[in-house]
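2 protein chains.
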Amino acid sequence: MAVRVPMGFEIAAVTAGLKASGRPDLALVYSPYPLAWALMSTDNIVKAPCVSRNRSRFTSGAAVRGIVVNSGNANCATGERGIWDNEDMAGAVASALALARVQDMLTASTGVIGQTLPVDRIRAAVPALTAALGQDSGPFAEAILTTDTAAKQANATLRGGSRIVGIAKGSGMIHPNMATLLAFVLTDADVGQDELRAVWPGIVERSFNQVTVDGDTSTNDMALVLSSRQIGADRQEFAEALEEVATKLASKVARDGEGATKLLTVHVSGARSGAEARAAARTVAGSNLVKAAAHGADPNWGRILAAVGRSGAVSDLANLRIGLQGETVYQGAALPFDAAGLSERLRTEEVIIEIDLAAGEAHGEAWGCDLSAEYVHINADYTT
Amino acid sequence: MAVRVPMGFEIAAVTAGLKASGRPDLALVYSPYPLAWALMSTDNIVKAPCVSRNRSRFTSGAAVRGIVVNSGNANCATGERGIWDNEDMAGAVASALALARVQDMLTASTGVIGQTLPVDRIRAAVPALTAALGQDSGPFAEAILTTDTAAKQANATLRGGSRIVGIAKGSGMIHPNMATLLAFVLTDADVGQDELRAVWPGIVERSFNQVTVDGDTSTNDMALVLSSRQIGADRQEFAEALEEVATKLASKVARDGEGATKLLTVHVSGARSGAEARAAARTVAGSNLVKAAAHGADPNWGRILAAVGRSGAVSDLANLRIGLQGETVYQGAALPFDAAGLSERLRTEEVIIEIDLAAGEAHGEAWGCDLSAEYVHINADYTT
Chain A
125 MAVRVPMGFE IAAVTAGLKA SGRPDLALVY SPYPLAWALM STDNIVKAPC
175 VSRNRSRFTS GAAVRGIVVN SGNANCATGE RGIWDNEDMA GAVASALALA
225 RVQDMLTAST GVIGQTLPVD RIRAAVPALT AALGQDSGPF AEAILTTDTA
275 AKQANATLRG GSRIVGIAKG SGMIHPNMAT LLAFVLTDAD VGQDELRAVW
325 PGIVERSFNQ VTVDGDTSTN DMALVLSSRQ IGADRQEFAE ALEEVATKLA
375 SKVARDGEGA TKLLTVHVSG ARSGAEARAA ARTVAGSNLV KAAAHGADPN
425 WGRILAAVGR SGAVSDLANL RIGLQGETVY QGAALPFDAA GLSERLRTEE
475 VIIEIDLAAG EAHGEAWGCD LSAEYVHINA DYTT
Chain B
125 MAVRVPMGFE IAAVTAGLKA SGRPDLALVY SPYPLAWALM STDNIVKAPC
175 VSRNRSRFTS GAAVRGIVVN SGNANCATGE RGIWDNEDMA GAVASALALA
225 RVQDMLTAST GVIGQTLPVD RIRAAVPALT AALGQDSGPF AEAILTTDTA
275 AKQANATLRG GSRIVGIAKG SGMIHPNMAT LLAFVLTDAD VGQDELRAVW
325 PGIVERSFNQ VTVDGDTSTN DMALVLSSRQ IGADRQEFAE ALEEVATKLA
375 SKVARDGEGA TKLLTVHVSG ARSGAEARAA ARTVAGSNLV KAAAHGADPN
425 WGRILAAVGR SGAVSDLANL RIGLQGETVY QGAALPFDAA GLSERLRTEE
475 VIIEIDLAAG EAHGEAWGCD LSAEYVHINA DYTT
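Following this line, the structure appears as structure tokens:
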């Protein structure tokens, strides 16, 4: 999909030779302007050097000029050498772009854990990478993929003409040691860093952090928003559009989960708080039993109810309602329904589970995918 | 397996007709003596009436005389009717045994969620059940099974001649709506209720609560210890033997996980606390990616490391050690190892993962099983 990046951004991708497939694996976002930005990254105690380095820069509060991303190698659990390899990747790009400070270039890596990053190949590819800088986000979206089956982009245009373009990859800890969810959102809306940092954590909580493929949080996850501040925009409209883009990317990531044949969307309403609603939605979307039932088109509300129960979200059990594909199958007690007919309606690419906890006014969503024998094959039938 | 129950107990099982298979499904433990007891049960907010009723009795502190258990129907999410059906099951047995109080008879149910308990069939079977009371625990161990492939018993004899006999079933939330882990441990060791209640929670934390099959906590889980106090016993020796019996049952439950072909045993050492050690062990044993790797005999330490990281347990990453089948594959960084040879040694029924967090002195264990395509088939290829 050819999507033009927002004003004040240039973007590129090339093949550095990190992926065995020979597909593009080195990607760059660059701006001639200092970028306002906000970052959310993995809370796994085992973190790749790119995560630690970006966090350190984030804490300093300074602007950045872009991010270089490699796929095919997560550069994680690679010891002290990994720290310097990561720094070298940033340095090679900063130097080619004549940036004043190497710290102005952020980094991200995704791929196999525990293998040394072939930084020589990256260095060798950097001239071609910077020479390729242009306006089409498509090659970048392709180059950051690992086991994904499709590139993931979403965008929005605001009333004043400013734009938001989001690009993501990954889902769950996936294929042999692959590390995971990366999301990059670029905008030319004139929104300052304080504003971005105020809204981004909540948006990530409600979108990317509500995606579950197999519950394994990666060592390399990050979600980044960058603003070139070129075009005036309404704060409220911007925040809503940013959340819409993040939410679209999140559901695309879930739909492309490993071995997935269906997207599960779980809507929880009637919760005491948004956090409880999201916890319940996430627990249901992440339940192996619910996922397997979705795979088998089994209208199995018992598993949904049990998952809600263990999520810790408070509900009024006498009034709790469960809907599947728009049909209420449980409300305080089992309701009669046409199991064969409902099963037929579950044989589709999107399964929608609605749960009303009947305990409050808050709501939340989560996205997941079905659990297929293919998932097991992908993750088992492989030898390191 | 024919195991004689401890002194002061009688045990029985019959077929009431709750299981479609026609196998035994109603079981009873009874004592002519008031029994000291301790209980741990599910913290799922959705609880079956048997769980709530036993908890209420537990809180009263009074002794009990036994427990009646049905399989084939969890009597959960059955509304107010389920509460009375559960009471009726206890009442039918209490009446047949001429107990002074119906509350002296505890209850447990396991099986399909959301279907009315056929309490008439249970009532009709109670005379045969009480008539069958005897000394062999085997029929009871068979009758409480649902999708289990084998009965699970473990026992120990103390120096003074007192005995501990444990019986368990289940593992994870399993086959279509089946509810789950039940463990009953009987002893004639003269250990009072206060003592039992002091040691049981810790033992259950370290044993049954460290079993993970698919992470779905059931609505009906319970682990019960009953003592007839017939034979003097050393407190310390008793506590150790009780933990040994519970641990053996826990690993048997894990080994018999749905679709499992391998037992995963995860030993964590070098933790700051037992709770952190257990959390790390549980997270590794419960990781879909680790489980799939075990299934495929893949010596994939990256997934183990990532799971340790997200468990929240503090480790010294520079010294953290991971061993697989006795061979160290990671220590602060990847170590060279013979991947093909190690993969060969992973093609066995027991996979042992050792993790030294290098951060303290505490240790903990967890038990799980591999994730097979068979698990998906069992849980997906079914229509309610």
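Protein sequence lines, in the order shown, are assigned to chains A and B.
Our numbering numbers the first residue of the first sequence as 125 and each following residue consecutively.
Our numbering numbers the first residue of the second sequence as 125 and each following residue consecutively.
Just so it is clear, CB atoms sit at the ideal spot from N, CA and C, and this is done for glycine as well.
Just so you know, these numbers come straight off a predicted model, no measurement behind them.
Interface residues of chain A facing B:T343 [CB-CB closer than 7 Å]:
Close partners of B:T343 in chain A (Cβ separation under 7 Å): A430 and G433.
With a CB to CB cut of under 6 Å and the five nearest residues on each side skipped, what residues in its chain are close to B:G356?
G284 and D314, listed in sequence order.
Could you spell out where the alpha helix (DSSP H) holding A:T371 opens and where it closes?
Counted as a single uninterrupted DSSP element, the alpha helix (DSSP H) harbouring A:T371 occupies residues R359 to R379.
Closest Cα partner of A:W324 within the set A:Q360, A:T304, A:T336 and A:Q354:
Closest option to A:W324, Cα to Cα, is A:Q360.
Residues near B:S184 in its chain [Cβ-Cβ closer than 7 Å; skip 5 each side]:
Sequence-distant Cβ neighbours of B:S184 in its own chain, meaning closer than 7 Å and more than five residues away, do not exist here.
I'd like the span of the beta strand (DSSP E) that includes A:Q239, first residue to last.
For A:Q239, no beta strand (DSSP E) encloses it, and the DSSP letter there is neither H nor E.
In chain B, what lies closer than 7 Å to A:L305 by C-beta?
Per Cβ cutoff of 7 Å: no residues; A:L305 is ~13 Å from chain B at best.
Straight-line CA distance for A:G492 to A:D149?
Taking the straight line joining both Cα atoms gives about 26 Å.
Could you tell me the alpha carbon to alpha carbon distance between A:R434 and A:R427, rounded to whole angstroms?
Taking the straight line joining both Cα atoms gives about 11 Å.
DSSP has B:E478 in a bridge; who is on the other side?
B:E478 is bridged to B:H391 and B:G447.
Between the Cα of A:E468 and the Cα atoms of A:D480, A:E451 and A:A457, which residue gives the shortest distance?
Comparing Cα-Cα distances from A:E468 to each of A:D480, A:E451 and A:A457, the minimum goes to A:E451.
List the residues that DSSP assigns as beta-bridge partners of B:A151.
In the DSSP output, where bridge partners are listed per residue, B:A151 has B:A137 and B:V193.
Apply the 10 Å Cβ neighbour rule to B:S411 and answer buried if 16 or more other Cβ atoms are within range, or exposed otherwise.
Flag for B:S411 reads buried.
Under 8 Å between beta-carbons, which chain A residues line up against B:L441? List them in chain order, please.
Listed along the chain, the chain A residues whose CB falls inside 8 Å of the CB of B:L441 are I169 and V170.
Select from the stretch 385 to 404 of chain A all residues with a C-beta closer than 9 Å to any C-beta belonging to chain B, and list them in chain order.
For the stretch 385 to 404 of chain A, which is checked against every Cβ of chain B, not one residue is closer than 9 Å.
Selection of the stretch 220 to 237 of chain B by Cβ proximity to chain A, strictly under 9 Å
For the stretch 220 to 237 of chain B, the residues whose beta carbon sits under 9 Å from a beta carbon of chain A are, in order, V236 and I237.
Considering only residues of the same chain and omitting the five flanking positions on each side of B:I298, which have a CB-CB separation below 6 Å?
With a pLDDT of 43 at B:I298, under the threshold of 50, the modelled position of this residue cannot be trusted, and the question is left open.
C-beta atoms of B:T371 and B:S342 nearer than 9 Å:
B:T371 places its beta carbon 9 Å or farther from that of B:S342.
Anticipated Cβ contact below 8 Å, A:S233 with A:A198, distance rounded
At roughly 5 Å, the Cβ-Cβ gap stays under 8 Å, so A:S233 and A:A198 are in contact.
Rounded to whole angstroms, what is the Cα-Cα separation between B:A504 and A:L495?
Going by the C-alpha atoms only, they are around 8 Å apart.
Candidates B:N424, B:K376 and B:V432: which alpha carbon is nearest B:V392's?
Checked all of B:N424, B:K376 and B:V432; the closest Cα to B:V392 is B:V432.
Residue span of the beta strand (DSSP E) that contains A:M131, given as start and end
No beta strand (DSSP E) holds A:M131; DSSP gives it neither H nor E.
Nearest-angstrom beta carbon gap, B:L152 and B:V217 [assumed within contact, 8 Å]
Contact between B:V217 and B:L152 holds: their C-beta atoms lie close to 6 Å from each other, under 8 Å.
Neighbourhood of A:N301 by C-beta, 6 Å cutoff - its chain only, sequence neighbours within 5 removed
Its pLDDT being 43, under 50, A:N301 is placed unreliably by the model, and nothing is read from it.
For the alpha helix (DSSP H) containing B:L429, list its first residue and its last residue.
Where B:L429 is concerned, the enclosing alpha helix (DSSP H) stretches over W425 to S435.
Taking the straight line between their C-alpha atoms, what separation do you get for A:A224 and A:G258?
Here the alpha carbon of A:A224 sits roughly 22 Å from the alpha carbon of A:G258.
Does any CB atom of chain B fall closer than 9 Å to the CB of A:A497?
Closer than 9 Å to some Cβ of chain B, the Cβ of A:A497 qualifies, so yes.
State buried or exposed for A:T254, treating a residue as buried only when at least 16 other CB atoms are found within 10 Å of its CB.
With at least 16 other beta carbons inside 10 angstroms of its own, A:T254 counts as buried.
Which listed residue (A:A322, A:P263 and A:T139) has its alpha carbon closest to that of A:L163:
Of the candidates A:A322, A:P263 and A:T139, the one whose C-alpha sits nearest the C-alpha of A:L163 is A:A322.
Closer than 9 Å by beta-carbon distance: list the chain A residues that pair up with B:L459, in chain order.
Near B:L459 there are no residues of chain A at all, since even the closest Cβ is about 10 Å away, more than 9 Å.
Of the listed residues A:A280, A:D440 and A:D167, nearest to A:P130 (C-alpha basis):
Nearest option by C-alpha distance: A:A280.
Measure the alpha-carbon distance for B:I476 versus B:A490 and round it to whole angstroms.
Going by C-alpha positions, B:I476 is about 10 Å away from B:A490.
Using CA coordinates, which residue listed in B:G203, B:A172, B:A136 and B:I169 is at the minimum distance from B:G190?
The shortest CA-to-CA distance from B:G190 to any of B:G203, B:A172, B:A136 and B:I169 is the one to B:A136.
Where A:P460 falls: helix, strand or coil (DSSP)
DSSP places A:P460 in the coil class of the three-state scheme, outside both helix and strand.
For A:V170, three-class secondary structure by DSSP
The answer is coil: DSSP assigns A:V170 none of H, G, I, E or B.
Within 9 Å (strictly less), CB to CB, does B:G197 reach chain A?
The question names Gly, yet the displayed sequence has Asn at residue 197 of chain B. No, no contact with chain A.
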